[in-house]
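Using the numbering used here, you'd call the opening residue of the sequence shown number -14 and step up by one each time. From the three backbone atoms N, C-alpha and C, an ideal C-beta is built for every residue, glycine too. Right, one structure below, let's go through it.
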Amino acid sequence: MVEQHSDPVAQRDPASERPRADDEWNRDARGETETERMDRNWSTLIQELRVVQTGVQFLISALLIVPFQASFATLSPPLRLLYLITLAAAIGATVFLVAPISWHRILFRRHRLGNVVAAAHRCAMLGIGLLGVSLTGAMILVFELVTGTTGGVLAGVVVAILFLAAWWIVPWWWRTPRGGDASAQS
């Protein structure tokens, strides 16, 4: 059972009422209250989103000028569809990566930080997934135009594998007991 703290914000936030596996470790190793943990999680998440948002903004900028290039008219219908999917994924990534900021502003001083952090985590994961889709689509388009269909497909497969391995598979494997050093919690 998780010990109750005299932390008024944690007591009012429904998300903090569920015990987490690392609550005891955070309390013992860091000496944090639930609110301090949520503040730390929020700060860390926002720093991560800042890094990702910049890359997505550059990607969208590049994608938005593509239709105004003379060679865009020569794209086949499947490549135009791929372009639209790529652009839509980049826009979707932006929506989900910026949403936590809007929620934080709307819920500011409502003692809902636990809910905001939990939802922001889900949005960040979805936004990163959409960014991966968009980057993969962009690579397919570029390689298709420069090297042909085979190069485009090969580039798409390589980027998709790299994306899945670096952004999803390896981190999820490290979450398992056999994947990482359990003593290296942070």
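In its own chain, which residues sit with a C-beta less than 7 Å from the C-beta of residue i, not counting the 5 before and 5 after it?
{"i": "L64", "result": "L126 and E129"}
{"i": "P(-7)", "result": "Low confidence applies here, because P(-7) scores a pLDDT of 44, under 50, leaving its location unreliable and the question unanswered by this model."}
{"i": "I113", "result": "V37 and W152"}
Expressed to the nearest angstrom, what Euclidean distance is found between the alpha-carbon atoms of residue i and residue j?
{"i": "T18", "j": "N26", "result": "12 Å"}
{"i": "L82", "j": "T134", "result": "32 Å"}
{"i": "S119", "j": "L98", "result": "30 Å"}
{"i": "W159", "j": "F57", "result": "43 Å"}
{"i": "A151", "j": "I76", "result": "22 Å"}
{"i": "V51", "j": "Q38", "result": "20 Å"}
{"i": "S61", "j": "F148", "result": "26 Å"}
{"i": "G136", "j": "S28", "result": "41 Å"}
{"i": "G40", "j": "A47", "result": "11 Å"}
{"i": "H89", "j": "A123", "result": "32 Å"}
{"i": "S87", "j": "L69", "result": "26 Å"}
{"i": "Q42", "j": "R35", "result": "11 Å"}
Between which residues of its own chain and residue i is the CB-CB distance below 6 Å, once the five residues before and five after are set aside?
{"i": "C108", "result": "F81, A84 and P85"}
{"i": "T121", "result": "G141, V144 and A145"}
{"i": "L111", "result": "F81"}
{"i": "I45", "result": "A75"}
Provide the residue span of the alpha helix (DSSP H) that contains residue i, from first to last.
{"i": "S28", "result": "E19 to I50"}
{"i": "P156", "result": "V155 to R160"}
{"i": "G114", "result": "L98 to T132"}
{"i": "T79", "result": "P62 to I91"}
For a quick check, are the C-beta atoms of residue i and residue j less than 7 Å apart?
{"i": "A73", "j": "L116", "result": "no"}
{"i": "L30", "j": "A103", "result": "no"}
Who are the near neighbours of residue i in its chain, counting only those whose CB is closer than 8 Å to its CB and skipping five residues on each side?
{"i": "E33", "result": "A109"}
{"i": "V155", "result": "none"}
{"i": "R163", "result": "none"}
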